[in-house]
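Visitor:
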Amino acid sequence: MSENGHGTTVIGSLKDLQSFIRERDNWQNIFYMTPISDLCKEYPCILGIDEAGRGPVLGPMVYGTAFIPINEQTLLETLECADSKALTEEKRDVIFEKICENHNKLGWGVEIIAPNTICNSMLSRSKYSLNQVSMDAAIGLIKAALAQNVKIEHVYVDTVGKPEKYQQYLKTIFPNLKITVAKKADSTYPVVSAAKGIEVSEFGSGYPGDPITKKFLSNHCEPVFGYPQLVRFSWSTASTLLKDIAYHIECEEDDGEKTPPATQNNSITAFFKMTNKGGTKAKTRHIFFKQRHLSRNVEF
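Per this note's numbering, residue 1140 is the first one in the sequence shown, and the count goes up by one each step.
#1: Can you tell which of N1168, N1241, D1232, V1233 has its C-alpha closest to the C-alpha of P1174?
#2: Taking the beta strand (DSSP E) that K1317 belongs to, which residues open and close that run?
#3: Which of the three DSSP states, helix, strand or coil, is assigned to P1350?
#4: Do E1190 and D1349 have their beta-carbon atoms positioned less than 8 Å apart in this structure?
#5: With a CB to CB cut of under 8 Å and the five nearest residues on each side skipped, what residues in its chain are close to V1330?
#6: Considering C1179, what are the terminal residues of the alpha helix (DSSP H) in which it resides?
#7: In whole angstroms, what separates the C-alpha of W1247 from that of D1383?
#8: Given 8 Å as the limit, is there contact between the region 1230-1239 and the region 1148-1163, that is, 3 or more CB pairs closer than that?
#9: State the Cα-Cα distance for the pair S1375 and I1278, rounded to the nearest angstrom.
#10: Could you check if I1337 is buried or exposed, using at least 16 other CB atoms within 10 Å of its CB as the buried criterion?
#11: Can you give me the C-alpha to C-alpha distance between H1387 and A1253, rounded to a whole angstrom?
#12: How is the beta strand (DSSP E) around P1254 delimited, first residue to last?
#13: Any contact between the region 1357-1375 and the region 1250-1264? By contact I mean 3 or more CB pairs, one from each, below 8 Å.
#14: Within the same chain, show all residues whose beta-carbon is closer than 7 Å to that of Y1328, passing over the 5 residues directly before and after it, in chain order.
#15: Out of L1316, S1326, K1244, G1194, which has the shortest C-alpha to C-alpha gap to N1270?
#16: Could you check which residue in V1320, P1362, K1301, P1199 has the C-alpha nearest to that of I1257?
#17: Roughly how many angstroms separate the alpha carbons of E1303 and Y1202, rounded to a whole number?
#18: Using a threshold of 8 Å, state whether the C-beta atoms of S1176 and N1243 are closer than that.
#19: Where does A1276 land, buried or exposed, given buried means 16+ other C-beta within 10 angstroms?
#20: Please tell me whether I1251 and I1160 are closer than 8 Å, where the distance is taken between their beta carbons.
#21: What residues in its chain sit with their C-beta under 6 Å from that of L1309, if we drop five residues either side in the sequence?
#22: Alpha carbon to alpha carbon, how far is V1299 from S1273?
#23: Pick out whichever of K1266, I1169, T1352, L1381 has its Cα sitting closest to the Cα of E1361.
#24: For W1166, which option in S1378, V1320, P1367 has the closest C-alpha, if you only look at C-alpha atoms?
#25: Rounded to the nearest angstrom, what separates V1289 and A1385 at their Cα positions?
#26: Counting only the same chain and skipping the five closest in sequence on each side, list residues whose C-beta sits under 7 Å from that of H1359.
Now the structure itself:
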């Protein structure tokens, strides 16, 4: 791993990538884009996007992109880029090393979406689904390539949800690009296969049904603080185990009493009073203060 003349990190091997990831906080998203070759800036390119780790209860979800000039795309077949599920881990490692060796023709980027980000998004008050997290990651990778002057002509994306709807959504954001969204795009388009993310297998497959993964979840649940940030605690597998292993906690909730809107305009000071001039029901203190017999020392 090194830096080019512009201070940009250059990852030249799988070992470099592993070091790059280890040096960063795993509770935050990690983003990387290779330095862009002159060929990718001068000639029309195809760009592929795919993901790995969408379903596991452990670890991040990884979104990857790869891009190459259209007149150089036969290189992808030479590198034997294919659906990663059809390749062994050793073969995927060899392909990645070859991709790095051909950096003068082929560029790539990756966003590693931390479990913390996934869970906080899915459990937020405003609806933010895993599909939307995925789409935003794909959009971010396309924008990053465009920002570095990659001459993108056609984008190929492995779908989440309905391909037609996803494709139309991307077209509204990138109206000047040709876009193809398809199921199993990694099996159909080599440039999507080249973008396939890195899969994690240290704790079993990471999927909820894996016995090794289940054992890891059972052995690494702290009764008070729950799971380490490797775990996607919004997954039902994790939340069910939490109920069985962790201490039960009750949170204070609003008692549900609401103050009707005022029937007339009041002065700003009326906002701080327990009653208002409109004769509507007086505001009541939160149950938290009632139960503890706490009173107000300052009247506004």
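Glycine is no exception: its CB is placed at the ideal position from the N, C-alpha and C atoms.
Guide: Per the coordinate set shown:
#1: Counting from one through the sequence shown, the residue named residue 1174 turns up at place 35. Of N1168, N1241, D1232, V1233, the residue nearest in Cα terms is N1241.
#2: Taking the sequence shown and counting its residues from 1, the one referred to as residue 1317 is at position 178. That run of the beta strand (DSSP E) goes 1317-1321.
#3: Translated into positions along the sequence shown, residue 1350 becomes position 211. P1350: helix per DSSP, three-state reduction.
#4: Stepping through the sequence shown from its first residue, residue 1349 is reached at position 210. Stepping through the sequence shown from its first residue, residue 1190 is reached at position 51. No, these two residues do not count as a Cβ contact at 8 Å.
#5: Locating residue 1330 in the sequence shown gives position 191, where the first residue counts as 1. Same-chain partners within the cutoff: I1185, L1186, G1187, A1205, F1206, I1207, Q1212, L1215, C1220, Y1295.
#6: The count along the sequence shown starts at 1 and reaches residue 1179 at position 40. Taken as a continuous stretch (DSSP letters only), the alpha helix (DSSP H) holding C1179 covers 1177-1181.
#7: Taking the first residue of the sequence shown as 1, we reach residue 1247 at position 108. Taking the first residue of the sequence shown as 1, we reach residue 1383 at position 244. One C-alpha to the other measures close to 43 Å.
#8: Because the criterion of three Cβ pairs below 8 Å is met, the region 1230-1239 and the region 1148-1163 touch.
#9: By 1-based counting over the sequence shown, the position of residue 1375 is 236. By 1-based counting over the sequence shown, the position of residue 1278 is 139. Their Cα atoms are separated by approximately 28 Å.
#10: Translated into positions along the sequence shown, residue 1337 becomes position 198. With a pLDDT of 44 at I1337, under the threshold of 50, the predicted position of this residue should be treated as unreliable, and no value is reported.
#11: As a first step, residue 1387 is located in the sequence shown; it is residue number 248 there, counting from the start. As a first step, residue 1253 is located in the sequence shown; it is residue number 114 there, counting from the start. If you take the alpha carbons of H1387 and A1253, they lie about 26 Å apart.
#12: Locating residue 1254 in the sequence shown gives position 115, counting from the first residue. Here P1254 belongs to no beta strand (DSSP E); instead the alpha helix (DSSP H) covers 1254-1261.
#13: Cβ pair count under 8 Å is three or more, so yes.
#14: If you number the sequence shown from 1, residue 1328 lands on position 189. Cβ within range, chain order: G1187, Y1295.
#15: Your numbering for residue 1270 matches position 131 in the sequence shown. Ranking the options by Cα distance to N1270, first place goes to G1194.
#16: Here residue 1257 refers to the residue found at position 118 of the sequence shown. Nearest option by C-alpha distance: P1199.
#17: As a working mapping, residue 1303 is identified with position 164 in the sequence shown. As a working mapping, residue 1202 is identified with position 63 in the sequence shown. E1303 and Y1202: Cα-Cα distance of roughly 20 Å.
#18: For this step, residue 1176 is matched to residue 37 along the sequence shown. For this step, residue 1243 is matched to residue 104 along the sequence shown. Yes.
#19: The residue labelled residue 1276 in the question sits at position 137 within the sequence shown. Classified as buried, A1276 has 16 or more neighbouring CB atoms from the shown chains inside 10 Å of its CB.
#20: Position 112 of the sequence shown holds residue 1251. Position 21 of the sequence shown holds residue 1160. Contact check for I1251 against I1160 passes: the beta carbons are separated by less than 8 Å.
#21: Residue mapping note: residue 1309 aligns to position 170 of the sequence shown, counting from 1. Here the set comprises I1318.
#22: Taking the sequence shown and counting its residues from 1, the one referred to as residue 1299 is at position 160. Taking the sequence shown and counting its residues from 1, the one referred to as residue 1273 is at position 134. C-alpha separation (whole angstroms): 8 Å.
#23: Your numbering for residue 1361 matches position 222 in the sequence shown. Closest in alpha carbon position to E1361, among K1266, I1169, T1352, L1381, is L1381.
#24: Within the sequence shown, residue 1166 is the residue found at index 27, counting from 1. For the residues S1378, V1320, P1367, the minimum Cα distance to W1166 belongs to P1367.
#25: Stepping through the sequence shown from its first residue, residue 1289 is reached at position 150. Stepping through the sequence shown from its first residue, residue 1385 is reached at position 246. If you take the alpha carbons of V1289 and A1385, they lie about 50 Å apart.
#26: Here residue 1359 refers to the residue found at position 220 of the sequence shown. The residues are Y1366, P1367.
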